[in-house]
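Trainee: In this note's numbering, the protein residues as written are 996 to 1438. For every residue, glycine included, the Cβ atom is placed at its ideal position computed from N, Cα and C. Here it is, the structure, as structure tokens.
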């Protein structure tokens, strides 16, 4: 990666917005030297993970030239992912040690469901055994004497859906535990992976806006990068399942652990230094009915996958989204309960069309390279410089980024060029984008 970013690369370099970063030609030349004994048309065989309905490894074969091109493309995408992963991990580690005395850092994760085990079980039971939810929680906070505390919790439940209702019930238990045992805590900073079905979704964001109203504690939520959410929670879940399975295999048939309540009672008595709590399926079902009415009008936050920190502004659905937790200013402010008036509709966008868009509170011209309807964003290849200018150009290093639909402010006619190097947009296009940008700023 050092071949295509500046030395001592910072945020702008790693998120691919730096004009001074080396172009991909440097990396191409380096890779070509590694294949100098081969012709461009020679065949390279390699394995690659692909995901459709399921994830599998397939064997691919292609020419040396095409292999280098694909590798460079994937490394370009890896750079921002690597930066976000390291940034979020570093922020989490630092926050655990430096958070104020009234803030609790709460990391959480669903472990793989625990399947009840019986010694000498029948074959039919092995394939159809009951299971339960194991949800570890790790709390980092300080007591009133400013002494650092590490408090492991573990939620056990017979509800297996792992949805927003279950997450809300877990929050109920965690906040009640904190208020009872550490009443000086007034803020919670949640950390979790970005699983869309559990934590990173519009319903959980709406509940986050109502967190202070519901639990009398302020809160924000940060997410680790995709597939980089390993925390102490994994150790809690593994310990609980290992000890429960060992105990069950050692028991006589009349003392097997075969229900959620039996597992909960065993853990409370036999596993020290972890606080266990039980949530019944009935409680989750009741919460689901309660939440249904208040969440039914919640709107999807465009480009959810791009952001890794969410902070509520009020209890009316206004929320700020940041690319990484360290960012001081939000990349997007959104009303979860208001149907957004979009300047450009998704159906009007297509690969190859030129648009005016907002990024980091500046406006740019760019060309759409991919439309992501499910995520409600588009991938844009930016022209430089930003804002009003007499001419624009494609930077040596491609500046490509996903942009939420609300930040696409105009579709414009393709620019004209005399040299193929610099491009000019019509005065009409310039005024359209500039006025749209200014109107958004006023609102």
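1) Could you name the residues of the same chain whose beta carbon sits closer than 6 Å to that of residue 1168, not counting the 5 residues immediately before and after it, in chain order?
2) With residue 1228 as the anchor, note down where its alpha helix (DSSP H) starts and where it stops.
3) Would you call residue 1230 buried or exposed, if buried means 16 or more other Cβ atoms sit within 10 Å of its Cβ?
4) Answer with buried or exposed for residue 1411, where buried requires no fewer than 16 other C-beta atoms within 10 angstroms of its C-beta.
5) Using a Cβ-Cβ cutoff of less than 8 Å, which residues in the same chain neighbour residue 1383 once the five nearest sequence positions on both sides are dropped?
6) Classify residue 1174 as helix, strand or coil using the three-state DSSP reduction.
7) Less than 8 Å between the beta carbons of residue 1045 and residue 1062, yes or no?
8) Span of the alpha helix (DSSP H) holding residue 1085?
9) Since residue 1357 is in the beta strand (DSSP E), which residue starts that stretch and which ends it?
10) Could you give the C-beta distance for residue 1204 and residue 1307, rounded to a whole number, given that I count them as a contact under 8 Å?
11) Going by C-alpha to C-alpha distance, which of 998, 1005 and 1008 sits closest to residue 1025?
12) Give me the residue from 1369, 1416 and 1173 with the minimum Cα distance to residue 1100.
13) How many Å lie between residue 1048 and residue 1323 at the Cα?
14) Would you say residue 1104 and residue 1226 are within 8 Å of each other, going by their C-beta atoms?
15) Pair every Cβ in the segment 1295–1315 with every Cβ in the segment 1194–1210, then say whether three or more of these pairs are closer than 8 Å.
16) Could you tell me whether the segment 1357–1377 touches the segment 1324–1333, where touching means 3 or more Cβ pairs closer than 8 Å?
17) Return yes when the Cβ of residue 1392 is within less than 8 Å of the Cβ of residue 1086, no when it is not.
18) I need the straight-line Cα distance from residue 1170 to residue 1102, nearest angstrom please.
19) Kindly indicate the opening and closing residues of the beta strand (DSSP E) around residue 1374.
20) If we ignore side chains and look at the alpha-carbon of each, how far apart do residue 1020 and residue 1060 end up?
21) Residue 1378 and residue 1418: beta carbons closer than 8 Å?
22) Quick one: residues in its chain with C-beta nearer than 7 Å to the C-beta of residue 1200, no 5 flanking neighbours on either side, listed in chain order?
23) DSSP state of residue 1402, grouped into three classes?
24) If you reduce the DSSP assignment to three classes, tell me which class residue 996 lands in.
25) Given that a residue counts as buried once 16 or more other Cβ atoms are within 10 Å of its Cβ, and exposed if not, what is residue 1265?
26) Name, in chain order, the residues that DSSP records as bridge partners for residue 1210.
27) Given a cut-off of 8 Å on the beta-carbon distance, is the pair residue 1196 and residue 1155 in contact?
28) By how many angstroms is the C-alpha of residue 1351 removed from the C-alpha of residue 1338?
29) Based on Cα-Cα distance, which residue from 1069, 1004, 1058 and 1153 lies nearest to residue 1030?
30) Could you give the distance in angstroms between the alpha-carbon of residue 1128 and the alpha-carbon of residue 1151?
31) Please state whether DSSP places residue 1250 in a helix, a strand or coil.
32) With which residues is residue 1133 paired in a DSSP beta bridge?
33) Please report how far the alpha carbon of residue 1089 lies from the alpha carbon of residue 1342, in whole angstroms.
34) Out of curiosity, what's the CA-to-CA distance linking residue 1318 and residue 1355?
35) Under three-state DSSP, which class holds residue 1053?
Mentor: In short, the structure shows the following:
1) What you label residue 1168 is simply residue 173 of the chain shown in a count that begins at 1. 1272, listed in sequence order.
2) Locating residue 1228 in the chain shown gives position 233, counting from the first residue. Counting along the chain, the alpha helix (DSSP H) containing residue 1228 begins and ends at 1227–1245.
3) Start at 1 with the first residue of the chain shown, and residue 1230 comes out as number 235. Residue 1230 comes out exposed.
4) Counted from its first residue, the chain shown places residue 1411 at position 416. When all chains shown are included, residue 1411 counts as exposed.
5) Residue mapping note: residue 1383 aligns to position 388 of the chain shown, counting from 1. So the qualifying residues of the chain are 1425 and 1429.
6) The sequence position of residue 1174 within the chain shown is 179, counting from 1. Residue state, collapsed to three classes: helix.
7) Translated into the one-based positions of the chain shown, residue 1045 becomes position 50. Translated into the one-based positions of the chain shown, residue 1062 becomes position 67. Not in contact: residue 1045 and residue 1062 (Cβ atoms no closer than 8 Å).
8) Numbered from its first residue, the chain shown carries residue 1085 at position 90. 1059–1093 is the span of the alpha helix (DSSP H), which, as asked, contains residue 1085.
9) On the chain shown, position 362 is the one that residue 1357 refers to. Run containing residue 1357: 1357–1367, per the beta strand (DSSP E) assignment.
10) Indexing the chain shown from 1 puts residue 1204 at position 209. Indexing the chain shown from 1 puts residue 1307 at position 312. That pair is a contact at about 4 Å.
11) Along the chain shown, read from residue 1 onward, the residue named residue 1025 stands at position 30. Checking every option, the nearest Cα to that of residue 1025 belongs to 998.
12) The count along the chain shown starts at 1 and reaches residue 1100 at position 105. Comparing Cα-Cα distances from residue 1100 to each of 1369, 1416 and 1173, the minimum goes to 1173.
13) The count along the chain shown starts at 1 and reaches residue 1048 at position 53. The count along the chain shown starts at 1 and reaches residue 1323 at position 328. Approximately 38 Å, taken between the alpha carbons.
14) For the purposes of this step, residue 1104 is taken as the residue at position 109 of the chain shown. For the purposes of this step, residue 1226 is taken as the residue at position 231 of the chain shown. Yes, Cβ-Cβ distance for residue 1104 and residue 1226 is below 8 Å.
15) yes
16) No, they do not touch.
17) As a position in the chain shown, residue 1086 is number 91, starting the count at 1. As a position in the chain shown, residue 1392 is number 397, starting the count at 1. Cβ distance not < 8 Å, so residue 1086 and residue 1392 don't count as in contact.
18) As a first step, residue 1170 is located in the chain shown; it is residue number 175 there, counting from the start. As a first step, residue 1102 is located in the chain shown; it is residue number 107 there, counting from the start. Using only the alpha carbons, I get a separation of about 13 Å.
19) Numbered from its first residue, the chain shown carries residue 1374 at position 379. Counting along the chain, the beta strand (DSSP E) containing residue 1374 begins and ends at 1372–1377.
20) By 1-based counting over the chain shown, the position of residue 1020 is 25. By 1-based counting over the chain shown, the position of residue 1060 is 65. If you take the alpha carbons of residue 1020 and residue 1060, they lie about 13 Å apart.
21) Residue 1378 sits at position 383 when you count from the first residue of the chain shown. Residue 1418 sits at position 423 when you count from the first residue of the chain shown. Yes, these two residues count as a Cβ contact at 8 Å.
22) Along the chain shown, read from residue 1 onward, the residue named residue 1200 stands at position 205. Hits under 7 Å: 1296, 1305, 1314 and 1331.
23) Start at 1 with the first residue of the chain shown, and residue 1402 comes out as number 407. Reduced to three states, the DSSP call for residue 1402 is helix.
24) Counting from 1 along the chain shown, the entry for residue 996 is found at position 1. DSSP places residue 996 in coil when its eight states are reduced to three.
25) As a working note, residue 1265 is residue 270 in the chain shown. Per the 10 Å Cβ criterion, exposed.
26) Walking along the chain shown from the start, residue 1210 turns up at place 215. In the DSSP output, where bridge partners are listed per residue, residue 1210 has none listed.
27) Residue numbering aside, residue 1196 sits at position 201 when the chain shown is read from its first letter. Residue numbering aside, residue 1155 sits at position 160 when the chain shown is read from its first letter. Result no, Cβ atoms of residue 1196 and residue 1155 do not sit closer than 8 Å.
28) For the purposes of this step, residue 1338 is taken as the residue at position 343 of the chain shown. For the purposes of this step, residue 1351 is taken as the residue at position 356 of the chain shown. Approximately 11 Å between the Cα atoms of the pair.
29) Numbered from its first residue, the chain shown carries residue 1030 at position 35. Ranking 1069, 1004, 1058 and 1153 by Cα distance to residue 1030 puts 1058 first.
30) Here the question's residue 1128 lines up with position 133 in the chain shown. Here the question's residue 1151 lines up with position 156 in the chain shown. Using only the alpha carbons, I get a separation of about 6 Å.
31) Locating residue 1250 in the chain shown gives position 255, counting from the first residue. Helix at residue 1250.
32) As a working mapping, residue 1133 is identified with position 138 in the chain shown. Answer is 1102 and 1147, bridged to residue 1133.
33) In the chain shown, the residue the question calls residue 1089 occupies position 94. In the chain shown, the residue the question calls residue 1342 occupies position 347. One C-alpha to the other measures close to 43 Å.
34) Along the chain shown, one-based indexing puts residue 1318 at 323. Along the chain shown, one-based indexing puts residue 1355 at 360. If you take the alpha carbons of residue 1318 and residue 1355, they lie about 10 Å apart.
35) As a first step, residue 1053 must be located in the chain shown, where it is residue number 58. DSSP places residue 1053 in strand when its eight states are reduced to three.
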